[in-house]
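One structure is given here, and the rest of the page talks about it.
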Amino acid sequence: MAQPEYVIDEMISAKSIAARIEAMAKEIRASFKGTDKLIIVGLLRGSFVFIADLVRELDLPVEVDFLEASSYGDGMESSREVRILKDLRGEIGGRDVLLVEDIVDTGFTLKHVTELLNTRKPRRLETIALLDKPSRREVDIKATWTGFEIPDEFVVGYGIDYAQRNRNLPHIGKVRFTGG
Ligand code: IMP
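Residue numbers 1 to 180, in UniProt numbering, belong to the letters of the sequence shown in order.
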């Protein structure tokens, strides 16, 4: 199906993202100080760029694992139904876990995935989201750390896609349809 025409207006620069990640990494390092069990769980696919930058700022012993959940398909609306498409390779029982999400929108994905991970009895489970759209929330959930709160706009870049495109933009931009 042909995608409608759109342009991308920069919303958050690559420089601002880097500065915010550095600040959050400092807090995370302090919070998990002394741990020898931290496992970073990335929610695919939108968080892959964020994780790559975040782990390089974390001067802690970390392991990285990935989980893929789907709620959006290729469209712009959350389906509210969260499916696990790819599960973790490793065990998290007794481990300190930091779940990394790209955007918290309705909140269904974060809620579903944290509930799932909690059934596996980690020692500690915290969450971090690069972006948060609080005005879109339908379930009461908030990440432990949030990079930026943004308005109700559809965004792309820095790992985040629209119909699988634009993940490779170095900044976060908002999609503006131009018609045609
Ligand atoms: P939630 O379950 O509604 O909170 O949706 C979270 C997921 O929807 C995110 O992990 C993204 O993959 C996707 N999503 C939410 N907002 C946007 C957006 O503005 N652009 C691209 N994907 C988004």
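For glycine and all other residues, C-beta sits at the position ideal for the given N, C-alpha and C.
For residue i, three-class secondary structure by DSSP
i: F66; result: strand
i: A129; result: strand
i: D140; result: coil
i: F154; result: coil
i: D36; result: coil
i: I20; result: For clarity, residue 20 is Arg in the given sequence; the question names Ile instead. Reduced to three states, the DSSP call for R20 is helix.
i: I28; result: helix
i: K121; result: coil
i: L85; result: strand
i: E57; result: helix
i: L110; result: helix
Pair within 8 Å by beta-carbon distance, residue i and residue j
i: D102; j: G159; result: yes
i: A69; j: L99; result: no
i: V97; j: V41; result: yes
i: L125; j: N118; result: yes
i: P61; j: L85; result: no
i: E57; j: I21; result: yes
i: G147; j: L130; result: yes
i: D161; j: K133; result: no
i: I128; j: T114; result: no
i: L54; j: A25; result: yes
i: E5; j: F177; result: yes
i: D65; j: R89; result: yes
Residue i beta carbon near the ligand FAD (any heavy atom closer than 7 Å)
i: E101; result: Only the ligand IMP can be found as ligands here, which leaves the ligand FAD out of the picture.
Residue from the options whose Cα sits closest to the Cα of residue i
i: K121; options: S31, G94, G179, K133; result: G94
i: S135; options: F48, D36, E149; result: E149
i: I92; options: R123, R80, F108, Q164; result: R123
i: R165; options: F32, G46, D65, R89; result: G46
i: I8; options: A23, D65, G157; result: G157
i: S16; options: H112, L116, L67, F50; result: F50
i: L67; options: A52, F48, R167; result: F48
Beta bridge counterpart(s) of residue i as assigned by DSSP
i: D7; result: Looking at the sequence provided, one finds Val at residue 7 rather than Asp. Answer is R176, bridged to V7.
i: V104; result: D132
i: D96; result: L38, R124
i: L116; result: The partner list for L116 (beta bridge, DSSP) is empty, contrary to what the question assumes.
i: R165; result: Y162
* Taking contact to mean at least 3 C-beta pairs separated by less than 8 Å, is the segment 173–180 in contact with the segment 137–146? -> no
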